[in-house]
Amino acid sequence: KVSAIGDLKSIEKFIEKSAKKVDLKGGTVLPGLIDSHIHAIDGGETLTKPNLADQTISIRALTDYVLGLLHRQEGLTGGVLDIYGLNISTWSSLDSVVSAFNKGEFSTVPVFLRGSDGHTAWANTALLLKGNINKQYIDKQPEDLQKYFRRLPGGEPTGFVAEDAVGKVAAAIPDQTNWMLAAEKAMNHLSSLGITAWLDPSVGNTRSDSGLLLNAYASLYQTGKLYAHVVATIVADADANPVPQINMVKAIRQKFHHED
């Protein structure tokens with residue numbers, strides 16, 4: 112609670128004898144910030160992988176960066192160079208991306224470049240082959256999903272994908288995420304920004320909830336590393352019977368309920 116604002120002299124009358132004085136040495140103190148919609152641990156996962164943090168870099172610099180990872184054997188997930196945080200201006204040079212990452216050493220090494228927006232990505236030919244994603248595969252998908260694959264005139268994919276198609280390509284990459292580490296990195300990052308509370312809008316769903324994210328939050332709590340107030344929601348299926356879904360959510364709430 113902020114009682115008064117001003118220089119020391121003007122607020123001395125508001126200061127009780129029991130007050131604790133802290134010299135910030137020129138720093139600034141702010142109220143804790145609340146983020147009303149953030150996939151915190153999903154974001155923390157990206158901090159456990161190679162991440163360009165939305166930097167704007169040339170295709171040449173990007174190629175050198177990814178080659179460096181390959182030569183040092185760093186950041187590979189199941190043999191795939193899975194790179195996060197590309198500034199989406201990269202997609203304006205998509206022809207150069209296609210040329211750079213489909214030849215030489217990359218002709219046999221799967222590469223996945225993920226946009227910092229979380230909604231776009233590009234896969235090289237080696238990764239598309241690994242996931243069996245080709246014209247025939249896309250043609251079998253529902254029409255509302257097909258539109259998220261950019262295709263050549265003959266129907267073959269260019270490697271650029273958006274929205275739900277990103278997950279279809281990502282399915283070819285083995286899940287080797289350390290979710291507890293992802294949760295810790297998310298907590299530390301958000302704390303460094305002054306974010307002390309948030310709503311996580313999708314920690315599971317009533318179709319096939321694996322409990323990964325809720326278990327990660329629970330682990331933070333149990334180990335004393337949960338420094339924030341978190342409200343989490345479960346995604347429901349609007350087309351399904353609500354009764355078993357409500358019962359499922361009640362069971363989840365009971366499982367993760369703690370008395371303080």
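The sequence shown begins at 112 in this note's numbering and counts up one residue at a time. Note that CB positions come from ideal geometry on N, CA and C, so glycine has one too.
Inset, instruction - Could you tell me which of Thr174, Thr139, Tyr195 and Val342 sits nearest to alanine 210, measuring between CA atoms? - result: Here residue 210 is taken as the residue at index 99 of the sequence shown, counted from 1. Per the sequence shown, the amino acid found at residue 210 is serine instead of alanine. Closest option to serine 210, Cα to Cα, is Thr174.
Inset, instruction - Under 8 angstroms by Cβ, that's how I've got leucine 158 and histidine 300 pegged, so tell me the actual separation to the nearest angstrom. - result: Taking the sequence shown and counting its residues from 1, the one referred to as residue 158 is at position 47. Taking the sequence shown and counting its residues from 1, the one referred to as residue 300 is at position 189. Between histidine 300 and leucine 158 the Cβ distance is about 6 angstroms, and since that is below 8 angstroms, they are a contact.
Legend entry - Exposure of threonine 231, with buried meaning 16 or more beta-carbon neighbours within 10 Å: For the purposes of this step, residue 231 is identified with residue 120 of the sequence shown, where counting begins at 1. Threonine 231 should be labelled buried.
Inset, instruction - Would you check if the distance between the CB atom of valine 342 and the CB atom of leucine 310 is smaller than 7 angstroms? - result: Numbered from 1 along the sequence shown, position 231 holds the residue referred to as residue 342. Numbered from 1 along the sequence shown, position 199 holds the residue referred to as residue 310. Yes.
Inset, instruction - Given a cut-off of 7 angstroms, decide if leucine 331 and phenylalanine 367 are closer than it, judged by their beta-carbon atoms. - result: As a working note, residue 367 is residue 256 in the sequence shown. As a working note, residue 331 is residue 220 in the sequence shown. Cβ atoms of phenylalanine 367 and leucine 331: not closer than 7 angstroms.
Legend entry - Close Cβ partners of serine 114 (< 7 angstroms) along its chain, the five nearest in sequence each way excluded: For the purposes of this step, residue 114 is taken as the residue at position 3 of the sequence shown. Phe125, listed in sequence order.
Legend entry - Of the listed residues Ala362, Gly226 and Gly143, nearest to tyrosine 338 (C-alpha basis): Sequence index remark: in the sequence shown, residue 338 carries index 227 (1-based). For tyrosine 338, the nearest C-alpha among the options comes from Gly143.
Inset, instruction - Tell me whether the beta-carbon of alanine 347 lies closer than 7 angstroms to the beta-carbon of isoleucine 152. - result: As a first step, residue 347 must be located in the sequence shown, where it is residue number 236. As a first step, residue 152 must be located in the sequence shown, where it is residue number 41. No. Outside cutoff.
Inset, instruction - May I have the straight-line CA-CA distance separating asparagine 358 from phenylalanine 217, to the nearest angstrom? - result: Within the sequence shown, numbered from 1, the residue matching residue 358 stands at position 247. Within the sequence shown, numbered from 1, the residue matching residue 217 stands at position 106. Distance between asparagine 358 and phenylalanine 217, taken at the CA atoms: about 49 angstroms.
Legend entry - C-alpha gap between valine 354 and leucine 263, whole angstroms: Residue mapping note: residue 354 aligns to position 243 of the sequence shown, counting from 1. Residue mapping note: residue 263 aligns to position 152 of the sequence shown, counting from 1. Cα to Cα, the separation comes out at about 46 angstroms.
Inset, instruction - Identify which residue in Leu180, Ser200 and His148 has its Cα closest to the Cα of aspartate 165. - result: In the sequence shown, residue 165 corresponds to position 54, counting from 1. When only C-alpha atoms are compared, the closest one is Ser200.
Legend entry - histidine 340 - containing alpha helix (DSSP H), residue span: Within the sequence shown, the letter at position 229 stands for residue 340. Where histidine 340 is concerned, there is no enclosing alpha helix (DSSP H), although the beta strand (DSSP E) it sits in stretches over 340 to 343.
Legend entry - Pairwise C-alpha distance: glutamate 254 and alanine 349: Here residue 349 refers to the residue found at position 238 when the sequence shown is read from its first residue. Here residue 254 refers to the residue found at position 143 when the sequence shown is read from its first residue. Glutamate 254 has its alpha-carbon roughly 21 angstroms from the corresponding atom of alanine 349.
Legend entry - Expected contact under 8 angstroms - CB spacing of arginine 225 and tyrosine 195 to nearest Å: Along the sequence shown, read from residue 1 onward, the residue named residue 225 stands at position 114. Along the sequence shown, read from residue 1 onward, the residue named residue 195 stands at position 84. At roughly 5 angstroms, the Cβ-Cβ gap stays under 8 angstroms, so arginine 225 and tyrosine 195 are in contact.
Inset, instruction - Determine the contact status of isoleucine 249 and glutamine 257, defining contact as a CB-CB distance below 7 angstroms. - result: Your numbering for residue 249 matches position 138 in the sequence shown. Your numbering for residue 257 matches position 146 in the sequence shown. Yes, the pair counts as a contact, with Cβ atoms nearer than the cut-off.
Inset, instruction - Just tell me which of Glu123, Met291, Lys361 and Arg318 has its CA closest to the CA of threonine 334. - result: The count along the sequence shown starts at 1 and reaches residue 334 at position 223. Ranking Glu123, Met291, Lys361 and Arg318 by Cα distance to threonine 334 puts Met291 first.
Inset, instruction - Can you give me the start and stop residues for the beta strand (DSSP E) that proline 268 sits inside? - result: Within the sequence shown, residue 268 is the residue found at index 157, counting from 1. For proline 268, the enclosing beta strand (DSSP E) begins and ends at 268 to 273.
Inset, instruction - Mark valine 140 as exposed unless 16 or more other C-beta atoms lie within 10 angstroms of its C-beta, in which case mark it buried. - result: Here residue 140 refers to the residue found at position 29 when the sequence shown is read from its first residue. Around the beta carbon of valine 140, fewer than 16 other beta carbons sit within 10 angstroms, so the residue counts as exposed.
Legend entry - Buried/exposed call for aspartate 193, threshold 16 Cβ in 10 Å: The count along the sequence shown starts at 1 and reaches residue 193 at position 82. Aspartate 193 should be labelled buried.
Inset, instruction - Would you check if the distance between the CB atom of glycine 282 and the CB atom of alanine 327 is smaller than 7 angstroms? - result: The residue you call residue 282 lines up with position 171 of the sequence shown. The residue you call residue 327 lines up with position 216 of the sequence shown. According to the sequence shown, residue 282 is alanine rather than glycine. Not in contact: alanine 282 and alanine 327 (Cβ atoms no closer than 7 angstroms).
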